[in-house]
Amino acid sequence: MSYTDRIRGIIDDSDVALFMKGTPSLVMCGNSDRALRALRRAGAPVTAVDILPDPQIRQELSALSGWPTIPQVFVRGELVGGADIVEELEASGELERTLREKLGNGYAEVRTEETVALV
Amino acid sequence: MSTQPLRELLEQAFPDATELQVTDRTGGGDHFHVLVASPSLDGLSLVDQHRRVYDALAAPLADGSIHELRISTKGAT
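Chains R and C supply the protein sequences, listed in that same order.
Letter by letter, the first sequence follows residues 1374 to 1492 in my numbering.
Letter by letter, the second sequence follows residues 2 to 78 in my numbering.
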């Protein structure tokens, strides 16, 4: 069974989708942690997806995004990048600017964090 | 793996690089940080700049010899 349709659905329907190793409550990789922390600092609502339960999730995600590494962050369907880019954008203030642009000025007022399981 | 083969791949992909560094972050030969500054990256988004680096290092990324890759990129300006 393929994950691609569900991955695409999460990317398209989430304000901010974070594909990561582990979950926000149990992060399994330093880079996923860096991306999550940068998103939290920017006040981003996060829909997190753990790619570890099945190696096929990562394969299909990378085939879809053309991005070879984890984590991957998407804002309203568009790839923002991995941990390095998200940290860089957060430090320069550009991440918050992008979030305001795409989600509206009040995006951080009600901050949500949810985890979606694919398996 | 040592940093040298990665450096060579990046030199081939960015012959006009003004800065090119490959660092073994842990000494274990599989966690690397690469820094590339090149006029050929000018005007590209960060995502596209990083994609150029991933393309250059596609082989060692695919065969698992790079376990973790941190990337810093800059245009020439």
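Ideal Cβ placement from N, Cα and C applies to all residues, glycine included.
Practice prompt. Classify ASN1478 (chain R) as buried or exposed, calling it buried when 16 or more other Cβ atoms lie within 10 Å of its own Cβ.
Written response: Here residue 1478 (chain R) refers to the residue found at position 105 of the first sequence. Looking at its Cβ environment, which holds fewer than 16 other Cβ atoms inside 10 Å, ASN1478 (chain R) is exposed.
Worksheet entry | Listed by chain order, chain C residues near GLU1461 (chain R) by CB distance under 9 Å | Residue numbering aside, residue 1461 (chain R) sits at position 88 when the first sequence is read from its first letter. Going along chain C in sequence order, the residues near GLU1461 (chain R) (Cβ under 9 Å) are LEU47 and SER73.
Discussion item. Mapping the DSSP letters down to three states, classify GLU1451 (chain R) as helix, strand or coil.
Written reply: For the purposes of this step, residue 1451 (chain R) is taken as residue 78 along the first sequence, with counting starting at 1. Strand, per DSSP.
Worksheet item: How about the segment 58 to 68 of chain C and the segment 1415 to 1435 of chain R: do they share at least three Cβ pairs that are nearer than 8 Å?
Response: For the pair of segments examined, the segment 58 to 68 of chain C was found not to touch the segment 1415 to 1435 of chain R: the number of CB pairs separated by less than 8 Å stays below three.
Worksheet entry | Enclosing alpha helix (DSSP H) for ALA63 (chain C) [first to last residue] | Sequence index remark: in the second sequence, residue 63 (chain C) carries index 62 (1-based). It spans 59 to 63 - the alpha helix (DSSP H) in which ALA63 (chain C) sits, taken as one unbroken run.
Item to complete: Give a yes or no on whether the minimum CB-CB distance between ASP1406 (chain R) and chain C is below 9 Å.
Response: The sequence position of residue 1406 (chain R) within the first sequence is 33, counting from 1. No, ASP1406 (chain R) does not count as interfacial toward chain C.
Practice prompt. Measure from the alpha carbon of ARG1413 (chain R) to the alpha carbon of each residue in R:ASP1385, R:VAL1489 and R:PRO1397, then state which is nearest.
Written response: The sequence position of residue 1413 (chain R) within the first sequence is 40, counting from 1. The candidate whose alpha carbon is nearest that of ARG1413 (chain R) is R:PRO1397.
Worksheet entry | Partners in chain C for PRO1441 (chain R), counting only beta-carbon separations shorter than 7 Å | Locating residue 1441 (chain R) in the first sequence gives position 68, where the first residue counts as 1. For PRO1441 (chain R), the neighbours in chain C by C-beta distance under 7 Å run, in chain order, TYR55 and LEU62.
Discussion item. Let me see if you follow: with CB-CB separation under 9 Å, is GLU69 (chain C) close to chain R or not?
Written reply: Taking the first residue of the second sequence as 1, we reach residue 69 (chain C) at position 68. For GLU69 (chain C), at least one C-beta of chain R is nearer than 9 Å to its own C-beta.
Worksheet entry | Within-9 Å CB hit, GLY1455 (chain R) to chain C | Within the first sequence, the letter at position 82 stands for residue 1455 (chain R). At least one C-beta of chain C is nearer than 9 Å to the C-beta of GLY1455 (chain R).
Practice prompt. Determine the extent of the alpha helix (DSSP H) in which VAL1419 (chain R) is found, giving its start and end residues.
Written response: As a first step, residue 1419 (chain R) is located in the first sequence; it is residue number 46 there, counting from the start. Premise fails: VAL1419 (chain R) lies in the beta strand (DSSP E), 1419 to 1423, not in any alpha helix (DSSP H).
Item to complete: Please determine, among R:LEU1476, R:ILE1458 and R:GLU1467, the residue with the shortest C-alpha to C-alpha distance to VAL1448 (chain R).
Response: The sequence position of residue 1448 (chain R) within the first sequence is 75, counting from 1. When the alpha-carbon of VAL1448 (chain R) is set against those of R:LEU1476, R:ILE1458 and R:GLU1467, the nearest one is in R:LEU1476.
Worksheet item: Going along the chain, which unbroken runs of the alpha helix (DSSP H) with 4 or more residues stay wholly within the segment 1436 to 1489 of chain R?
Response: For the segment 1436 to 1489 of chain R, whole alpha helix (DSSP H) runs of length 4 or above, ordered along the chain, are 1456 to 1465 and 1467 to 1476.
Item to complete: Measure from the alpha carbon of ASP1406 (chain R) to the alpha carbon of each residue in R:THR1377, R:GLN1429 and R:GLY1455, then state which is nearest.
Response: The sequence position of residue 1406 (chain R) within the first sequence is 33, counting from 1. Among R:THR1377, R:GLN1429 and R:GLY1455, the Cα nearest to that of ASP1406 (chain R) is on R:GLY1455.
Worksheet item: What is the DSSP secondary structure of ALA14 (chain C), counted as helix, strand or coil?
Response: Here residue 14 (chain C) refers to the residue found at position 13 when the second sequence is read from its first residue. The answer is helix: DSSP assigns ALA14 (chain C) an H, G or I state.
Practice prompt. Can you give me the start and stop residues for the alpha helix (DSSP H) that ARG1413 (chain R) sits inside?
Written response: Translated into positions along the first sequence, residue 1413 (chain R) becomes position 40. Note, ARG1413 (chain R): alpha helix (DSSP H), 1403 to 1414.
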